[in-house]
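Novice: Start counting at 1 in the sequence shown, then tack on 2, and there's your number in the numbering used here. The beta-carbon is built from N, C-alpha and C at its ideal position, and this holds for glycine as well. I'd like to ask you about the structure that follows.
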Amino acid sequence: MTSKISFAKLLREDMKRRSWLLALCTVVFFLLGPVICLMSLESQFRRVRLDMGQYTLKDVKEWFLGFVGFNNGLLMAAVCICAVLCAVTGYQYLHSRTKVDLFHSIPVKREKFFLVQYVSGILFFLIPYVLCMVLCLLIGAFQGVVTARHVLYCTGSIGLGTLYFLMIYHVAILAMMLTGKLLVGILGTAVFCGAGTALSMLQTRLFQSFYDTYFTTVSETGTAIRSALSPIEGYFYAAGRLGTKGKFPGVFLLAALVITILLLVLDLWLYKKRASEAAESAMAFPRTEGIVKVCMIVPASLWAGLLMGSFNTYDSSVNIGWFIFGVLISLILLHTIVEFIYHMDFREILRRKWSLLAAAVLAFGCSAVFFFDLTGYDSYLPREDKIDGMSVFTSNFNGRFSYPYNSELSYNTGSEQRTLDQVNVKDFQMIYDLAEEGVKNKNLRKEVYAMEESRIAVSRAKIGETSSEEQYDNVFIKYHLKSGRDVYRRYFVNYESSEKCIEQLCSNKEYKESLFPINYVKEENVAKCTLTDRYQRETILKLTDEQKIRLIRTFREEQNNASYETMTQGPIAGVLSIEVNEDEYSTSMYQYSISRGFTQTIALLRELGNEMDEQWNPEYAESIQITNYYESGTNTPPTASFTEKGDIAEILGAINWGGEYGPVKESTDYSVEVDVTWNIDGARSNGVYYFTEGKIPECVIRAFE
């Protein structure tokens, strides 16, 4: 028998019972919305007055667009918290036997009672949220910063916030349906909201720890999929796409809407199936206890193993002994904790061994797949006839380039991948040969690791000693398969092999045009040029716009046409620094090495009134002080001074800059620092240099014996 009590009356009663929640949501959104809006606008207009034209009303409008749009992180966090609060307070009665008996004794269908709590929870959020956003718009309109675009963004922000409120709301309700205790329900909500992100991070960490050829890459599709695994991360991802990139993630939002609807259907179905006796039990459905426990403790134990195994390791790899110990101990501890939460009885802990055994099999089975590389990840090498093109990034070559901020190869994130994606070589035999060597060397990471500028070498104990060990370069390779799939790998290869590959690639002008940073500098955005000569004297070039363009074009053309041998002639003649206007208010400085072989660039600089020595002039060197860091230990490193012209000439013939902004052929020994005091036409200055690897002069070696 059911009562004819109207839905509206039940809704009013529930809202009256939980009126404190409406008050709380109203206060939170009022503080984070209109109050902060007023305070921030006052600060923004104060900045306009003080910056004297540098910060204008246009900038205030842009800031306000983010505030009422998709860049307000505080409001987004409040939406997430309100969703959890509305779900927990609405369905917490399910965790009390007394309340369940009372509520279910009312002659009302379960579906109607479910919807009463459901709708009231939405209203508790939606009413203050929408009102406060409208108030923010009115405040902005009163201050004169609102346009039609602001109204559109605000409407979109409300729509996005409502969608993800509902998704998180449904996830929290799901946790309340599956559990019988309030604390367990809250913990379940946290698990559901964060499990996807934790699993994604775990997968990445396992790949980094066990696969020697793995390196982290980013793709739009992969990022979207990972974000979709967590409602909170998905919310911030969608807002970021709409606010920062201005791209409408239609498919992503459609998927979010479908998931939200499916979660609601699942919640309602579980509510109908849930027994009243489930209240005050840890899990409302006893058969799910073992499944839920295994799903939680397996990834958690792997995380514990990774944390314990990562201590005292040289990079992201793990100590397998400590890893196994961490997994084993965490399995036992987590099994004990979860079983105690389930039953609050220590006697029950030992009675349920099968779920622990299943978790152990899964955890150690997963570990075995990675440790023994059962998938053949590190050995992967596609057949040449399956490859459409390849690209390579070597640390010693590509790692020295500095790209403009807004270019395709900007190094803000994933510089290796950006370069690999930008350049696709169809005639890839030399890169394929490099990949073959890398596969053979797949275990080298356990023996050597990247050091300065990713050149790998064995440290020497004394100055002047040379190592008989091979040197390796850190290379990243992309296979673009004919199927359309892209595969990325990282290898350690012999340095000579890496250099030979790059030398062959640099014989192709189109390759260099797509790779060299100077080709991404927009001439119209150049603010000024600065020249640093080989004596490290810095001069701001006084050039007309036409002269700037001529200099940049000359350098660009010469570098694009230069052979690898010409580009790597050392030491360099100087450094050309180009300051570029990134936007209306900011500039960035980018630096490029001028090789001794760039005769046209050097000639043009001389024509513009700048002296450019192509060789060292020992007469300019007043004295040299050398610091030997090989013997520093815990004490102050020893130094030696040189003033004899013969010693100075010998030292100058063996040094280079050490901080070149372009390719170099010979490596640098950074353990010995050379501080030269120059005296050029009465003007004294200092420059810091380093020796070329294996070319420390005998006079220096003798000085430290």
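Given VAL86, which residues of its chain have a CB within under 7 Å of its CB, disregarding the five upstream and five downstream residues?
Specialist: Residue mapping note: residue 86 aligns to position 84 of the sequence shown, counting from 1. Only ILE170, ALA174 and THR191 meet the Cβ criterion.
Novice: CB-CB under 7 Å to MET179, same chain, minus the five flanking residues each way: which ones, in chain order?
Specialist: Here residue 179 corresponds to residue number 177 of the sequence shown, with the count starting at 1. Excluding sequence neighbours, MET179 sits near ASP269, LEU272, TYR273, ARG276 and ALA286.
Novice: Do you know offhand how far ARG491's Cα is from TYR382's?
Specialist: Within the sequence shown, the letter at position 489 stands for residue 491. Within the sequence shown, the letter at position 380 stands for residue 382. Computed Cα separation, rounded: 9 Å.
Novice: Using only the alpha-carbon positions, how far apart do TYR537 and THR603 sit?
Specialist: For the purposes of this step, residue 537 is identified with residue 535 of the sequence shown, where counting begins at 1. For the purposes of this step, residue 603 is identified with residue 601 of the sequence shown, where counting begins at 1. Cα to Cα, TYR537 sits roughly 18 Å from THR603.
Novice: What does the Cβ neighbour count give for ASN414, buried or exposed, with the cut at 16 atoms within 10 Å?
Specialist: Here residue 414 refers to the residue found at position 412 when the sequence shown is read from its first residue. Because the pLDDT of ASN414 is 46, which lies under 50, any placement of that residue in the model is unreliable, and the question is left without a value.
Novice: First and last residue of the beta strand (DSSP E) that includes PHE693?
Specialist: Translated into the one-based positions of the sequence shown, residue 693 becomes position 691. Residues 685-694.
Novice: What are the residues that DSSP puts in a beta bridge with PHE395?
Specialist: For the purposes of this step, residue 395 is taken as residue 393 along the sequence shown, with counting starting at 1. In the DSSP output, where bridge partners are listed per residue, PHE395 has PHE478.
Novice: So what's ILE650 in DSSP terms, helix, strand or just coil?
Specialist: In the sequence shown, the residue the question calls residue 650 occupies position 648. Three-state result, ILE650: helix.
Novice: According to the neighbour-count rule (16 or more other Cβ atoms, all chains shown, within 10 Å of its Cβ), is PHE9 buried or exposed?
Specialist: Residue mapping note: residue 9 aligns to position 7 of the sequence shown, counting from 1. Classification of PHE9: exposed, given that the 10 Å Cβ count is below 16.
Novice: Who are MET179's beta bridge partners in DSSP?
Specialist: In the sequence shown, counting from the first residue as 1, residue 179 sits at position 177. Its beta-bridge partners do not exist; DSSP assigns none.
Novice: From which residue to which residue does the beta strand (DSSP E) around ARG2 run?
Specialist: Beyond the ends of the chain as shown, which are 3 and 707, falls residue 2; an answer cannot be given.
Novice: Using 8 Å as the cut-off, can you tell me whether the stretch 422-429 makes contact with the stretch 384-394, which would need three or more C-beta pairs spanning the two stretches below that distance?
Specialist: In short, these stretches touch, since the Cβ pair count reaches three.
Novice: Does the distance from the CB of CYS82 to the CB of PHE127 come in under 8 Å?
Specialist: Residue mapping note: residue 82 aligns to position 80 of the sequence shown, counting from 1. Residue mapping note: residue 127 aligns to position 125 of the sequence shown, counting from 1. Their beta carbons are not under 8 Å apart, which means CYS82 does not touch PHE127 by this criterion.
Novice: Please list the terminal residues of the continuous alpha helix (DSSP H) segment that includes VAL666.
Specialist: By one-based count along the sequence shown, residue 666 stands at place 664. Unbroken run through VAL666: none, as it is neither H nor E.
Novice: Assign MET41 to buried or exposed, taking buried as 16 or more other Cβ atoms, counted over all protein chains shown, within 10 Å of its Cβ.
Specialist: Taking the sequence shown and counting its residues from 1, the one referred to as residue 41 is at position 39. By the neighbour-count rule (16 or more Cβ atoms within 10 Å), MET41 is not buried but exposed.
Novice: For SER404, I'd like the list of residues in its chain whose CB is within less than 7 Å of its CB, leaving aside the five on either flank, ordered along the chain.
Specialist: Counting from one through the sequence shown, the residue named residue 404 turns up at place 402. So the list reads PRO519, TYR592, GLN593 and TYR663, once near-sequence residues are dropped.
Novice: Specify, as a first and last residue, the run of the beta strand (DSSP E) that THR246 falls within.
Specialist: Here the question's residue 246 lines up with position 244 in the sequence shown. Where THR246 is concerned, there is no enclosing beta strand (DSSP E), given that its DSSP letter is neither H nor E.
Novice: Which complete alpha helix (DSSP H) runs does the stretch 551-576 hold, if anything under 4 residues is left out?
Specialist: The stretch 551-576 contains these whole alpha helix (DSSP H) runs: 566-569.
Novice: Have a look at VAL50 and SER590 and give me their C-alpha separation to the nearest angstrom.
Specialist: Taking the first residue of the sequence shown as position 1, residue 50 is located at position 48. Taking the first residue of the sequence shown as position 1, residue 590 is located at position 588. Whole-angstrom Cα-Cα distance: 24 Å.
Novice: Could you give the first and the last residue of the continuous beta strand (DSSP E) run that contains GLU624?
Specialist: Here residue 624 refers to the residue found at position 622 of the sequence shown. GLU624 -> beta strand (DSSP E) spans 623-630.
Novice: Does LYS183 pass the burial test, meaning 16 or more other C-beta atoms within 10 Å, or should it be called exposed?
Specialist: Position 181 of the sequence shown, counted from the first residue, corresponds to residue 183. Buried: at least 16 other Cβ atoms inside 10 Å.
Novice: Any idea which residues DSSP pairs ALA708 with across the strands?
Specialist: Because the chain is modelled from 3 through 707, residue 708 falls outside the range shown and cannot be assessed.
Novice: Pick helix, strand or coil for ILE657, following the three-state DSSP scheme.
Specialist: Looking up residue 657 in the sequence shown gives position 655. In the structure shown, ILE657 sits in a strand (DSSP, three-state: E or B).
Novice: Just to check my reading of the structure: LEU244 and GLY158 have Cβ atoms closer than 8 Å, yes? What is that Cβ distance to the nearest angstrom?
Specialist: Looking up residue 244 in the sequence shown gives position 242. Looking up residue 158 in the sequence shown gives position 156. That belief holds up - the Cβ atoms of LEU244 and GLY158 are roughly 7 Å apart, short of 8 Å.
Novice: For the beta strand (DSSP E) holding GLN593, just list the boundary residues, first then last.
Specialist: In the sequence shown, the residue the question calls residue 593 occupies position 591. Segment 589-596, the beta strand (DSSP E) holding GLN593.
Novice: Quick check: what's the CA-CA separation for THR338 versus SER202?
Specialist: Start at 1 with the first residue of the sequence shown, and residue 338 comes out as number 336. Start at 1 with the first residue of the sequence shown, and residue 202 comes out as number 200. THR338 and SER202: Cα-Cα distance of roughly 26 Å.
Novice: Out of PHE194, GLY486 and SER211, which one is the CA nearest neighbour of GLU235?
Specialist: Sequence index remark: in the sequence shown, residue 235 carries index 233 (1-based). GLU235 has its Cα closest to that of PHE194, out of PHE194, GLY486 and SER211.
Novice: Would you give the residue range spanned by the alpha helix (DSSP H) that ASP16 belongs to?
Specialist: The residue you call residue 16 lines up with position 14 of the sequence shown. It spans 9-19 - the alpha helix (DSSP H) in which ASP16 sits, taken as one unbroken run.
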